[in-house]
Amino acid sequence: MNKLVGNAVVGQSGGPTSAINATLAGVIKGAAEMNQAGVINKIYGMRNGIEGLLSEMLVDLSPRMNDEGWLRSLAATPAAALGSCRRKLKSHTEDKETYEKLIEIFKKYDIRYFFYIGGNDSMDTVLKLSEYAKANSYELKVVGIPKTIDNDLKATDHTPGFGSAAKFVATTVKEILRDINVYTVKAVTIVEIMGRDAGWLTTASALPLLSGGVGPDLIYLPERVFDAEKFISDVKAALDRHPAVLVCASEGIRFADGEYVGSGSQSGAVDVFGHKYLSGTGKVLETMVKEQIGCKVRSLELSLPQRCAAHIASLADIEESLSVGAAGVRFAADGHTGVMTVMERDAGEEYSIKYGVMDIKDIANEIKTVPDEYINSDANGVTDLCLDYLKPLIMGEISPEYESGMPKHITI
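Sequential numbering of the sequence shown, starting at 710, is according to our numbering.
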């Protein structure tokens, strides 16, 4: 089959991760491979995602295609080196002008391959753009490359970025456990962890159980209704067992009426995708404990370090992020469009992953939640099956290059 020949463009969208640049490096490596095959001539990076593309804020990444040292440093750099955005494209019937402008830009730069690294909302852009290009007979291969610390993209076993965030959460929780157990006074520590609709990242707080046998006393996920009375009962029972109690909770836990636990402390503002800005869940739980139990209590948010702590990135995550990016380019060159690259876990005791593609229609705007068999019957912890799923994703450590005593980061 004759392959489509032209240039490629890659962008990053949504919240950054400590592995998103490894995926970018993988896409650039894949482009180098296709360049040698005579398929991709140049690869451009779009600054700030689709917003930057519309303003023709493009940078030619082709000179770096075979610069192994630069690509290695890029893979170890946290956050989105090309910049990001959270722009939601309207349908082409609502905003035909934007789509026409995109096609004009593609023609101007002879772009035939479009790669978008992102999460749920980014895959919505992949879906809309691929459908428009097809409907208007413009030959363009549009491929979504998964990224999100939330691990909530359907069709893929897990998402690049999740393993490193999980490793940070697990390590930090283990360190907190050491800290809070130095006193004999009764005290409760509450850790708020990212996760609006899915509790994947919060499940990682249980991983210290595999290294020392001690983990959080209580874990609360958005997949289960949060009951304030049961929460207080759970905390009291834990305090009866030992003085230092650790609670880990997803930011997105909800009451039975669907209201976020932390919404009472928020402004009610939403982002362009209609998502409420969340934080304050830990503070609400802290107040509950203070008012109803009266013991010493503190809460803390792990906040941005969950997604940018590259100093403790998972080697498995970085290697898979590189591979999924390169695989996306190969799939596009083979003629796939309107798809997302996915990772499939092979059956068997030994962990291994293979790469494939799934139709973006089955992925965009969908949420993969923590399955029932990963949550304990009391809805305040996780099962051994969950730990078995998580463990391979945090294995191994990277060895970043240092300068002036600090990790070297790449800027584009």
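A virtual CB, placed ideally from N, CA and C, is assigned to each residue, including glycine.
What's the C-alpha gap between residue i and residue j?
i       : j       : result
Pro925  : Lys751  : 50 Å
Met1052 : Asn829  : 16 Å
Phe1040 : Leu836  : 16 Å
Pro917  : Met1049 : 33 Å
Asn716  : Asn845  : 19 Å
Ala731  : Ser839  : 25 Å
Thr912  : Cys1095 : 8 Å
Phe982  : Ala965  : Unreliable placement is indicated for Phe982, whose pLDDT of 48 sits below 50; no coordinate value is reported for it.
Leu955  : Phe940  : 13 Å
Cys1017 : Asp1093 : 28 Å
Arg950  : Asn860  : 33 Å
Glu1058 : Gly1003 : 47 Å
Ala740  : Gly827  : 18 Å
Val718  : Ile820  : 7 Å
Met903  : Ala874  : 10 Å
Arg1054 : Lys895  : 43 Å
Val944  : Ser972  : 22 Å
Glu777  : Lys1063 : 24 Å
Val714  : Gly1065 : 22 Å
Leu862  : Val736  : 20 Å
Leu1102 : Leu770  : 30 Å
Ser942  : Glu806  : 57 Å
Thr1120 : Thr857  : 21 Å
Glu1112 : Leu763  : 36 Å
Ala1036 : Pro787  : 21 Å
Ser722  : Glu1000 : 42 Å
Whose CA, out of the options, lies closest to the CA of residue i?
i       : options                           : result
Tyr847  : Asp859, Leu862, Thr868, Phe823    : Phe823
Val882  : Val852, Pro869, Leu919            : Leu919
Glu938  : Ile858, Ala958, Val998            : Val998
Phe815  : Gly1037, Thr1120, Met755, Asp1093 : Met755
Met1115 : Ala1042, His1020, Asn1085         : His1020
His801  : Lys810, Lys876, Cys1004           : Lys810
Pro869  : Ser942, Leu1024, Thr893, Thr1078  : Leu1024
Leu930  : Ser1008, Ala741, Pro952, Cys957   : Cys957
Val768  : Gln1001, Gly778, Phe871, Asn757   : Asn757
Asp1043 : Val852, Asp833, Glu803, Pro772    : Val852
Glu760  : Thr726, Leu1099, Ser831, Pro1014  : Ser831
Glu1010 : Glu1029, Ala946, Glu901, Met1104  : Glu901
Assuming residue i and residue j are in contact, meaning their beta carbons sit under 8 Å apart, how far apart are those beta carbons, in whole angstroms?
i       : j       : result
Gly720  : Tyr825  : 6 Å
Leu886  : Val923  : 6 Å
Val734  : Leu1031 : Sequence inspection shows Ala at residue 734; the Val mentioned does not correspond to that position. Between Leu1031 and Ala734 the Cβ distance is about 6 Å, and since that is below 8 Å, they are a contact.
Arg905  : Gly961  : 4 Å
Pro952  : Thr893  : 6 Å
Arg933  : Ala1088 : 4 Å
Ser1012 : Lys992  : That pair is no contact at about 13 Å.
Gly1090 : Leu927  : 7 Å
Lys1117 : Glu1110 : 4 Å
Phe877  : Gln1015 : 6 Å
Ala907  : Lys797  : Not a contact, Cβ separation roughly 20 Å.
Give me whichever residues DSSP pairs with residue i in a beta bridge.
i       : result
Lys861  : Note on residue identity: the sequence assigns Asp, not Lys, to residue 861. None; Asp861 has no bridge partner.
Met1049 : Gly853, Met1067
Pro1116 : Tyr1111
Leu846  : What sits at residue 846 in the sequence shown is Ser, not Leu. Ser846 is not bridged to any residue.
Gln721  : Ile826
Tyr969  : Arg963
Gly715  : Ile749
Arg1054 : Ile1062
Lys1005 : Ala896
Glu1010 : Glu901
Would you give the residue range spanned by the alpha helix (DSSP H) that residue i belongs to?
i       : result
Ile812  : 805 to 817
Glu1000 : 990 to 1001
Phe1040 : 1024 to 1042
Met743  : 729 to 745
Glu884  : 871 to 889
Ser782  : 777 to 784
Tyr1098 : 1093 to 1099
Thr912  : 909 to 912
In the DSSP assignment, the beta strand (DSSP E) including residue i goes from what residue to what residue?
i      : result
Glu901 : 896 to 902
Tyr753 : 749 to 755
Ala953 : 953 to 959
Val944 : Looking at the DSSP string, Val944 is not in any beta strand (DSSP E); the run it does join, the alpha helix (DSSP H), is 937 to 950.
Asp769 : 767 to 769
Leu762 : Leu762 -> not in any beta strand (DSSP E); alpha helix (DSSP H) instead, spanning 758 to 763.
Leu927 : 927 to 929
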